[in-house]
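**Q** Mind looking over this structure? Questions follow.
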Amino acid sequence: MSGSGVGELFASNESLQDAPAVRLFAAKNLAAYVALMERHLDGSAKITEAELVSRIEQDLAEVGLPDQTGLGLIKGWASSGWLNRVSGGTGQASQNVCSLTEDARSVLAFLRRQRRADSVATGGSMVSIASGLKRIASQLDGDPERIRIDLEEQIEALYRQLEDLAEGRRPQPNLVDLADEGRAIAYQMEQVITDIVRYGGMQNEITTALIEGPEDSDTAFRDRSRRLFTDYEALFDSRERASYTAFTRMVQDPDQRARLRSDITTVVESLPDLDASLREVMVQFFPRVAEQIGEVIRIEQRCALRIKRFFAAGTAEQARGLARQINDAIGVGHALLRQSVVDSPTRAELPIGRSALTSVGAIAFDIQDPSPPRPARQAEATADLSGFTGLASQVDIPQLTELVNTAVQAGPVSLPEMIGMVDAPYLGDVVVLWALAVRQDPDAAASAAARRVRFRSRDGVDREIEVPTLMFRDRVASAGGL
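Each residue of the sequence shown is one higher than the one before, counting from 1 in the UniProt record's numbering.
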């Protein structure tokens, strides 16, 4: 392999090194984590946080984690990207609902295949491969004679089966070949259950770009609007959408659904040697698919809300653009004034409107003495979050506020724990929650111990940042003043 090929292969593997699925494979307590996940969260299960904590704590000693706590384990999984912790509902009765991420599900599916020692190198599989290739090749081949011969062979085979049935003969089924084919179908059904939500995940990625990019220019607003429509057009033409639409149409058809249920029952009862976990996949296929379709619907609703908020904020963006145009006109006027008053020692550009929201002003001085100034005194190492306030308009602030208000109902929550409750947090989410925590816990802002939390950068790579362990103790009335 050439050097450039090795470099490209290394770069692609390096980008996967920090993926949540790879980090779960490399976890020291992989066996314990996967055992708990598979027992309590497998099959797209969604469980309230309180119930999940109770279930996990009953099994910690048995899996070799007696010193751990259920809540601490859940928070660690969430911060590592293996668990979704989202608020279910609103009001006083709302609580966090936990479910496995797609990365964690893929790890569980791989380990199940390893545990079952899945193999397709069987006689029945080879027969299926040969017949499938023959069918595809006959459709792709442009020779009409081959298509005619294939059709005649199929018709002749069907007539022989009809004659055998008319004479009362029916050959005994080859259970080995049928078991191999049934196993392959169960693998496909298992993969469908794992991947059907990918269509919703693509929508989530498209709309996440609406709240993560810079928003302080009219050009950026127009570019993001144009990219939104372009991405959705590509999504509508994608195989994911076509597969999802065809699958949901088939599942929702009562006749096809009834036929599938009957066929599943027949296969499960007639193939006793089929692996128990694959039998469970077949039996629970429709309930689990229904859960995945419901998850896609919830993702679509969340994405529609993001789009609505994005375009609602466009009016404010246009107002900011108008203010910038007025500021530019004032700057031109100042420049003309400096040319007319030649002895002016100071030039100043004065902004209009509220600072940091509509414009950025600056005061500059003409240098009269060219000698170097004295060295500046080193500044104190204090954290100043005022420069990050612009990120407040890049995140879904109402959703973060609701998340904080839901979490503090059960008691004080630290800033790192709150960040772990956000589904795939970006830097803007971290900074906004940090600013809200400083409001509620200002005395500890300078002395609180730091903890590392993970967030996702705009290029899709997971990164870490240290945040103080500030505490959320009260409800957040409004985050609009950030």
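Ideal Cβ placement from N, Cα and C applies to all residues, glycine included.
(1) Please report the Cβ distance between Thr469 and Arg456, rounded to the nearest whole angstrom; I am assuming they are in contact, meaning their Cβ atoms lie under 8 Å.
(2) Look at the alpha carbon of Asp343 and the alpha carbon of Ile330, and state the distance between them as a whole number of angstroms.
(3) Considering Cα atoms alone, identify which of Asn96, Arg439, Ala449, Arg454 is closest to Arg473.
(4) Suppose you measure from the CA of Ala61 to the CA of Ala27; what does that come to, to the nearest Å?
(5) Counting along the chain, where does the beta strand (DSSP E) carrying Asp263 start and finish?
(6) Compare the Cα-Cα distances from Ser80 to each of Glu190, Thr245, Ala104, Ile185 and report the closest residue.
(7) Check Arg475 in the structure and name its three-state DSSP category.
(8) Quick check on DSSP: helix, strand or coil for residue 483?
(9) Given this structure, state the Cα-to-Cα distance separating Phe285 from Ile193, to the nearest angstrom.
(10) At which residues does the alpha helix (DSSP H) containing Leu403 begin and terminate?
(11) With a floor of 4 residues, list each alpha helix (DSSP H) that falls wholly inside the stretch 135-166, ordered by position along the chain.
(12) Spatial neighbours of Glu300 within its chain, please: CB distance less than 8 Å, with the 5 preceding and 5 following residues excluded, ordered by chain position.
(13) Let's see if you can read the secondary structure: which residues bound the alpha helix (DSSP H) around Gln114?
(14) Should Asp429 go down as buried or exposed, given a rule of 16 or more other Cβ atoms within 10 Å for buried?
(15) Would you say Val408 and Arg475 are within 9 Å of each other, going by their C-beta atoms?
(16) Work out the CA separation of Ile56 and Met1 for me, nearest whole Å.
(17) Any idea if Ala234 is buried or exposed, counting beta-carbon neighbours within 10 angstroms, 16 or more meaning buried?
(18) Among Asp223, Met282, Ala78, which one has its Cα closest to the Cα of Ile185?
(19) Tell me whether Glu49 is buried or exposed, calling it buried when 16 or more other Cβ atoms sit within 10 Å of its Cβ.
(20) Going by DSSP in three states, Val438 sits in which element: helix, strand or coil?
(21) Using 8 Å for Cβ pairs, my map puts Val63 next to Ala35. What's the rounded Cβ distance?
**A** In short:
(1) Rounded, the Cβ-Cβ distance is 22 Å, inconsistent with contact.
(2) With a pLDDT of only 47 at Asp343, under 50, the local geometry of the prediction cannot be trusted, and no value is derived from it.
(3) Arg439
(4) 18 Å
(5) Not the beta strand (DSSP E): Asp263 falls in the alpha helix (DSSP H), residues 254-270.
(6) Ala104
(7) coil
(8) Any property of residue 483 remains undetermined from this structure, which presents the chain solely from 1 to 482.
(9) 8 Å
(10) 397-407
(11) 144-166
(12) Gly200, Gln203
(13) 102-116
(14) buried
(15) yes
(16) With a pLDDT of only 46 at Met1, under the threshold of 50, the placement of this residue in the model should not be trusted; the figure read from the coordinates follows. Roughly 48 Å between the two C-alpha positions.
(17) exposed
(18) Met282
(19) buried
(20) helix
(21) 5 Å
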